[in-house]
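2 protein chains.
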Amino acid sequence: MRIFSAFISSSASFGHRSLSRLSLRLLSFSRIAIPMDAAEESLRRALAEKQSAIETQGNAVRSLKAAKAAKPEIDAAIDVLNGIKLEKSSIEKQLEAAVSGNAGDGVLSREAFRQAVVNTLERRLFYIPSFKIYRGVAGLYDYGPPGCAVKANVLAFWRQHFVLEENMLEVDCPCVTPEVVLKASGHVDKFTDLMVKDEKTGTCYRADHLLKDFCNEKLEKDLSISAEKAAELKHVLAVLDDLSVEELGGKIKEYGITAPDSKNPLSDPYPFNLMFQTSIGPSGLSPGYMRPETAQGIFVNFKDLYYYNGNKLPFAAAQIGQAFRNEISPRQGLLRVREFTLAEIEHFVDPEDKSHPKYSDVVNLEFLMFPREEQMNGQSAKRIPLGEAVSRGIVNNQTLGYFIGRVYLFLTCLGIDKERLRFRQHLANEMAHYAADCWDAEIECSYGWIECVGIADRSAYDLRAHSEKSGVPLVAQEKFSQPKEVEKLVIAPVKKELGLAFKGNQKNVVEALEAMNEKEALDMKAALESKGEVEFYVCTLGKNVSIKKNMVAISKEKKKEHQRVFTPSVIEPSFGIGRIIYCLFEHSFYTRPSKAGDEQLNVFGFPPVVAPIKCTVFPLVQNQQYEEVAKVISKSLTAAGISHKIDITGTSIGKRYARTDELGVPFAITVDSTSSVTIRERDSKDQIRVSVEEAASIVNAVSDGQMTWEDVWSNFPHHSSASTE
Amino acid sequence: MRIFSAFISSSASFGHRSLSRLSLRLLSFSRIAIPMDAAEESLRRALAEKQSAIETQGNAVRSLKAAKAAKPEIDAAIDVLNGIKLEKSSIEKQLEAAVSGNAGDGVLSREAFRQAVVNTLERRLFYIPSFKIYRGVAGLYDYGPPGCAVKANVLAFWRQHFVLEENMLEVDCPCVTPEVVLKASGHVDKFTDLMVKDEKTGTCYRADHLLKDFCNEKLEKDLSISAEKAAELKHVLAVLDDLSVEELGGKIKEYGITAPDSKNPLSDPYPFNLMFQTSIGPSGLSPGYMRPETAQGIFVNFKDLYYYNGNKLPFAAAQIGQAFRNEISPRQGLLRVREFTLAEIEHFVDPEDKSHPKYSDVVNLEFLMFPREEQMNGQSAKRIPLGEAVSRGIVNNQTLGYFIGRVYLFLTCLGIDKERLRFRQHLANEMAHYAADCWDAEIECSYGWIECVGIADRSAYDLRAHSEKSGVPLVAQEKFSQPKEVEKLVIAPVKKELGLAFKGNQKNVVEALEAMNEKEALDMKAALESKGEVEFYVCTLGKNVSIKKNMVAISKEKKKEHQRVFTPSVIEPSFGIGRIIYCLFEHSFYTRPSKAGDEQLNVFGFPPVVAPIKCTVFPLVQNQQYEEVAKVISKSLTAAGISHKIDITGTSIGKRYARTDELGVPFAITVDSTSSVTIRERDSKDQIRVSVEEAASIVNAVSDGQMTWEDVWSNFPHHSSASTE
């Protein structure tokens, strides 16, 4: 009975809603309810008033004309009308500016900025649309040489910052995953987006995207809509993720939305599973999928990993690898792709003790946080000390807080602008029913605030799901230093008596008795003791039966327990590496005038840890001796594992700097003598002079963070760059 | 005509045969024709003679009995019979030993050795059968924590040794690949294995595996087969890869091979495509596959990469990533899996100049090579200086030779035993028709000689295939310093005259004329000039036509050319990372007696560059002060990026060493005072004493190769280990 009702409630709480649960874990875009701006609302009302005043005054003018009134009188009325029209036009302009946000020009300049970044990225082969010579595939991108190096650097730093620092157990599981695993995790049934089809051409669209586009366009371009209508559209945008399949279909019908390409009518929405399906082995009988996340590979290995860790909690496992998501119609370039690299951590912890031994390392960090309450009240993100957020219970526990702090350090070390990074807490309706708390690291870029890391306390959900499906208990034990005495309720149905009384219904009655909770059982015990008999509702029979004293023994017994067995909670920081890299590209990009001032030069201001190439080596002029020196330095750099480029073409030094600034190369060694060389730093353009022998080791030291450029700058003679740049 | 006949011949040369082309590129097992051992042959003949002698003598005994001969006479005949039987039994024993190779016990000990390695690998979580709690999936394995670290180390070293050293352009392309790309590469049509099905249960088997198993088992276990039969079976094994689908089916029928599990009859063999198929996007109209190799991602990007390299040849591109192969029935554990990591290099080079600027770096290397000729003559691999192999033309060109040398250095630096590594040249029938030369780095392990790296000169095949299919020319240009005068053959069919003469067949005749090669055209020119008319076979019409002088103009014209446009050749070293790692596990594994001598302890003797954990830190006894020191050292190690483990459990130091030796940890720091500590090296068990401050930097230096243990040993005071181990 109890089991049955639990099943019902868990099944109900999984509806279309659960889509967003799963998809949010996979870094989908978050949409926050933004209350309608007061200014905008009053402008819409003023606009409607003016429109109605224009109609009234227009009627007045027409009446005067019909009545053949005197010309001065008619002219005066027309002047009034024109005056109102002018006022209306002015309000329209204000409204236009208001609806495009602080944006106004902002929207345009954001898009122009993005275009400049993307052009540079594509031209310098940071990335390439995959299979370009075959006209590409939407949502698939290659990293070209500098992009691939940035990615390798980000992953190496991730390993250093998380895996090595915390002694995490890194694993590497296949992408091909049998159905049973993803059935247990819920992905086979619930990892879907709602899709509509063009009824004539069969082209597919994401239903929520069409509705979103419709609302946004209406709000931005149709100034004639009423304040009420605008509020309604804004409400739809706010609850987009929460709409049921019927509500979504209803809205699409109500607004008369058609296929964007053909204007044909659309089908009703229906769920489309986002996993790439395949078949394992030749028989066609073993369905499999390309994993939608790396986490499941860790969960199914919990037992072995726990053993490997000496049967001790807490510990964390980690995995870096490809994940796949067969998007219906990918948009937003590098941010929404069909194949991407995830780096995921599963930190397993005793649910009764979520403290973290290194919590004190992060307690004093302070950065932008956007708690649930602030979002509901329409406030904005604010700077809160992490320790305060945890102690005030805004962040659920220390371990979750610790990882939020570590993620902050990770992203800012990579070069993410800390003013454009915030941690946003999931609203109650965004979170899975089992989750204890959930925060997203969101980075602002030209597309808005983008979820790049999810940090969730998923409680015991995943381990329990796999325990149930596989039959292998995924649990931890806490051995007590000395046995503990516990009182346990024991319900012992007397099967012989129950069999005599209820014959074929005996089994139902036994199950119902055993399923009683503590209070029900103690009430029954009391009633049996006082009255000897009690009416008892058996859910599976749908009726009351009469239970007598000899039919069940209910008692509380004291037992000695030597250990506690429990399912650990899991705290999961999950990193969308491609999204972090794209935001990093935008945050690192700037332009500056060329020396002649006749053009703007592009620069990627990557920190050395991320830079795809750490250093270039140029002979100042084409010259056998200088080239030899350049080669000697190059050899030392290779030996030290420093990626670099040697350029012995005769191009002018200014052009060479411009070329490498655009690749984000932080240091350049210029050979202008056989004994000493200069080292130039990209952003300051400052140069120092060092001996040939020192050059490689200095670049090595500033590249791997042993020294900063400031250290170098204060220790070596400066070199005037006037002649070269 | 030429085009047509070229199509025919290429299609013919792609038959079932082409399977092995593609599969060999993907690291399938190589099978070499081994001539039947002379001793074995004479034993089989002797055995057959004895068998027939037994029959003859048996008949004689029966005749004597039937003729009621005298008892002594019968007894004497029986003695002779028993004598022959004894001789036969002795020959059987010799033959048994001979057929199991030098093996005999060898086979058993190889399997026992493998079992010891695999047990240790599984117990210490180097790898785990994937989805184990769901009873796993054949051919899928996870790397657990130490295995994952070894893999990351191997890949990092690969990047340093190849990508950084040669300034290669590394790219990172998706696994999901649209059909058109793999159609062009030949995988959609030809990447197949032949499969047979159990006709009753539907279970699938690889046809060649069943035939191979049958032959091997017959040869090893059935001593009664004749020398001729044995030679036939050995021949079948030798040509297994070359059998057509009909021949393979015929042999299976002839030998009466049935399904191994059920003994049911088998279907005829038919091709099964080894790619995992999926569908891209929601429409179901865009078939895609999980890539079977990473190389195609590089080929389709050739144009952009060539541009990135300043339109200069040679250059190399590289990619590390997952590849997939839906094996029919995977065997041989970690060596034949359905998902694996490949690291591939595509070195693009002018086909007219395959020299390599760094060739001199490898010219003096000398290692085991196994050229085609030695294989054909039944000789074994021999030590040849690389320079000699190239200069004698055994290795086709310098660049191929350079990479063979670099692969040798790579594998031996990782810890592959150079006595169990050989470079085997492909036999003519193993190589694709377009390949110029092909060598496999084969490593000997308990499964035999395993192909781990393929190094092929694939000529212009891949780029041409994608040029043709995509319509995008994938070519390079060589600009001449001054224009060159070249003579070119011009064939100009006179369409008007041909139309009058051949009407609807005009097009076929024109194409056939244009398709003539230089010799054919010049012969026709001479014939037309002398006779005015010539018979000409038009393949597409299937008949001769009569060509007159006025129907075609054939001339040689001089032209000035400013550049040469050509399709680069590609030299492709392709590394099966998982196979290399497995062989490394076997080559690194050894056992040694414990101090008490009561048990054998396992050791993985990984070189520091590969070791999953570089160092452990132990306080000698449980003690607050020592633990503090251990933590300080641990912090310095983390800062230096050295993966290590700190163990403050109270276990005896000997047990701790044994535990970490089994993980291949090369160094152990034991804290036995607050001022100085000891560092112990795994294989020698030697210990030195150093100050607390020095400990981390010394381990750092010996771990990343700045120093060897020998350097350290001669520079620091030695510590007697008698008390601890």
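Residue numbers (the working numbering), protein chains in the order written: chain A, 69 to 793; chain B, 69 to 793.
Backbone N, C-alpha and C define an ideal beta-carbon position, used for all residues, glycine too.
Whether residue i touches residue j by CB criterion (7 Å)
i	j	result
Ile737(A)	Ala763(A)	yes
Arg490(A)	Glu510(A)	yes
His415(A)	Ile639(A)	yes
Val417(B)	Gln545(B)	no
Leu262(A)	Ala275(A)	yes
Lys556(B)	Lys627(B)	yes
Ser22(A)	Arg178(A)	With chain A covering 69 to 793 only, the question about residue 22(A) has no answer from this structure.
Ala306(A)	Arg112(A)	no
Ile716(A)	Phe735(A)	no
Tyr617(A)	Leu596(A)	Per the sequence shown, the amino acid found at residue 617(A) is Lys instead of Tyr. Yes; because the gap between Cβ atoms is below 7 Å, this pair is in contact.
Ser637(B)	Ala500(B)	no
Val760(A)	Ile766(A)	no
Contacts that residue i makes with chain A (C-beta to C-beta distance below 8 Å)
i	result
Ser351(B)	Gly270, Thr271, Cys272
Ser711(B)	Leu232
Proximal chain A residues relative to residue i, where beta-carbon distance stays under 9 Å
i	result
Leu193(B)	Leu237, Val239, Asn369, Asp372, Leu373, Tyr375, Tyr376
Gln390(B)	Pro242, Cys243, Gly389, Gln390
Val540(B)	Lys200, Ile201, Tyr202
Simplified DSSP assignment, three categories, for residue i
i	result
Ile325(B)	coil
Ser788(A)	coil
Asp740(A)	coil
His655(A)	helix
His712(A)	strand
Gly270(B)	coil
Arg724(A)	helix
Asn783(A)	helix
Ser131(B)	helix
Lys626(A)	strand
Tyr476(B)	helix
Arg647(A)	helix
Ser549(B)	strand
Cys283(B)	helix
Phe674(A)	coil
Arg526(A)	coil
Cys506(B)	strand
Lys331(B)	coil
Met775(B)	coil
Tyr618(B)	Checking the sequence shown, residue 618(B) turns out to be Asn, not Tyr. Asn618(B) falls in the helix class under three-state DSSP.
Listed by chain order, chain B residues near residue i by CB distance under 8 Å
i	result
Thr706(A)	Leu232, Glu233
Glu407(A)	Pro242, Cys243, Val244
Amino acids of chain A, ordered along the chain, whose beta-carbon sits closer than 7 Å to that of residue i
i	result
Asp508(B)	Those within 7 Å of Asp508(B) in chain A number zero; the least Cβ separation is about 25 Å.
Val638(B)	The premise fails here: Val638(B) is roughly 16 Å from chain A at the closest Cβ pair, so nothing lies under 7 Å.
Contact list for residue i against chain B, beta-carbon separation under 7 Å
i	result
Val430(A)	Going along chain B, no residue has its Cβ under 7 Å from Val430(A), so there is no contact; the nearest lies around 16 Å.
His534(A)	Ile201
His249(A)	Correcting the residue identity first, residue 249(A) is Val in this sequence and not His. Correct list: Phe199, Tyr202.
Contacting residues, own chain, Cβ-Cβ under 6 Å from residue i (five flanking each side not counted)
i	result
Tyr357(A)	Thr245, Leu250, Met343, Gln345
Beta-carbon proximity list for residue i, same chain, < 8 Å, skipping 5 on both sides
i	result
Leu301(A)	Cys283, Lys286, Leu287, Ile293
- Message: As an exercise, report each continuous alpha helix (DSSP H) stretch of at least 4 residues that is fully enclosed by the region 167-241 of chain A, in chain order.
- Response: 173-191, 213-226
- Task: Quick one: which unbroken beta strand (DSSP E) runs of 3-plus residues sit fully inside the region 556-606 of chain A? Chain order, please.
- Result: 601-606
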